[in-house]
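Accompanying notes for the structure given below.
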Amino acid sequence: MMGLLVFKEKLKQLYGKYNRYMIPAVKFLLGASSFFLISSNVGFMARLKNPLVPVVMGLVAAVVPCGVTAFFAGCFLIAHVSQVSLEAALIIAVFMLVVMMLYYGFRPGDGYLLLLTPMMFFLRVPYVIPLFVGLSGSLVSIVPVSCGVCIYYIMMYLKQNAGVLAGSTMSEMAERFIVIVQSLFGNQLMWVMAAAFAAGVLVVFLIRNLSVDYSWSIAIIAGVITQLVVIFIGDFYFNLPVAIGPMILGILVSVVLALVYQFFVFAVDYTRTEYLQYQDDDYYYYVKAVPKITVSQPDVKVHRISSRKSSRHEKSN
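Under the UniProt record's numbering, the residue at position 288 of the sequence shown is numbered 288, and the numbers go up by one with no gaps.
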């Protein structure tokens, strides 16, 4: 345990010293990974499937806000979709416009969630997003998380129905619009997962702000249970195609990641909790103070003893 705490302090010092380089590096990885996932799953335009495109866009993402990167990613997705269906591209453009309006209207600082949420779906650990957001974000962060869920399922629909969209025999544009809209936004699994993530963020946020011991650990467990309950209710009512095995494995990995995050962000010692009481002219104040677990790095000094001097001293004797 002590070794982990020392490692944590070293990481904090490293981040404080090199954060001006680490933040752009993380933004580069997030941006490049997002554009790579779009190209590999919805890569309908040959020119944009060049491996250098994600690298170049990652470099751009390193110097611009995450909201701008999310906008570029949306345009990138629309450009690919326009190769197979102009109707689908127009519908997605309208959806992206609504997402941008919600993003800038509610939580412009959470643009990374629009990129990170679909990415976690592709990595099979999406359930960690509500835990992380509930522990460190706010209730308004539910908006970009839910939009990120919708973006993932839209990408999956395009990937699975590219042939149908490209070879559609429907002559009427209005008919094509109706079919695509029904297919995109009539996905019951998408709405159930969005509801599960929103409920998870809400439960984790409320519990972690309670003045109880181990509130963050309780919030993580409660958030996972909430997500499971919502998904199982949706499965019961709509008979959703949910793979139980991968879902349980993803939830277990998500819990481990959330606990690791808690250790590095909110490590406190509840055994040394203090309760304070004081007053002013208008109020009595009752304060619960829980100290953080902090350690200083061991300062080890090694004194080298010369063997040559020791041997001379023995000869003289």
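Note that CB positions come from ideal geometry on N, CA and C, so glycine has one too.
- With a contact defined as Cβ atoms closer than 8 angstroms, Ser141 and Tyr157 miss out at about 25 angstroms.
- Between Gly134 and Gly223, the CB-CB gap stays under 7 angstroms.
- Per DSSP, reduced to three states, the secondary structure at Gln277 is strand.
- The residue among Gly186, Ala79 and Leu165 with its C-alpha nearest the C-alpha of Arg176 is Leu165.
- A Cβ-Cβ contact shorter than 7 angstroms links Val81 with Ala89.
- With distances taken between CA atoms, Trp216 lies nearest to Val265 out of Val55, Ile180, Val229 and Val265.
- Less than 7 angstroms divides the Cβ of Val128 from the Cβ of Leu257.
- Contact between the stretch 56–64 and the stretch 16–33 is established, with three or more Cβ pairs separated by less than 8 angstroms.
- Within the same chain, Cβ atoms closer than 8 angstroms to the Cβ of Ile38 are found at Ala73, Phe76, Leu77, His80 and Met155, the five residues on either side in sequence being excluded.
- Each residue's CA atom was taken as its position, placing Leu228 and Lys12 some 34 angstroms apart.
- Val192 is a Cβ neighbour of Gly234, given a cutoff of 7 angstroms.
- Pro118 is positioned such that its CB atom lies no closer than 7 angstroms to that of Ile92.
- Our two residues, Ala195 and Val143, have alpha carbons roughly 11 angstroms apart in a direct line.
- Per DSSP, the unbroken beta strand (DSSP E) holding Ala289 starts and ends at Tyr284 to Ala289.
- Counted as a single uninterrupted DSSP element, the alpha helix (DSSP H) harbouring Phe71 occupies residues Cys66 to Val81.
- Across the set Ile218, Phe263 and Lys288, the C-alpha of Lys288 shows the shortest separation from the C-alpha of Tyr275.
- Contact annotation: Pro54 and Phe36 have beta-carbon atoms nearer than 7 angstroms.
- At a Cβ-Cβ threshold of 7 angstroms, Val260 and Thr273 do not count as neighbours.
- In the DSSP annotation of this structure, the continuous segment of the alpha helix (DSSP H) that includes Thr226 starts and ends at Ser215 to Phe238.
- Comparing alpha-carbon positions, the option among Val179, Val26 and Tyr286 lying closest to Ser211 turns out to be Tyr286.
- When beta bridges are read from the DSSP output, Lys292 appears opposite Val268.
- When DSSP states are grouped into helix, strand and coil, Pro144 belongs to the helix group.
- DSSP, reduced to helix, strand and coil, places Leu123 outside both helices and strands of the structure shown, so it counts as coil.
- Between Ala243 and the set Val253, Ile231 and Ser254, the nearest pair of CA atoms involves Ile231.
- Within its own chain, no residue has a Cβ closer than 8 angstroms to the Cβ of Asn239 once the five positions on either side in sequence are excluded.
- Less than 7 angstroms divides the Cβ of Tyr270 from the Cβ of Asp213.
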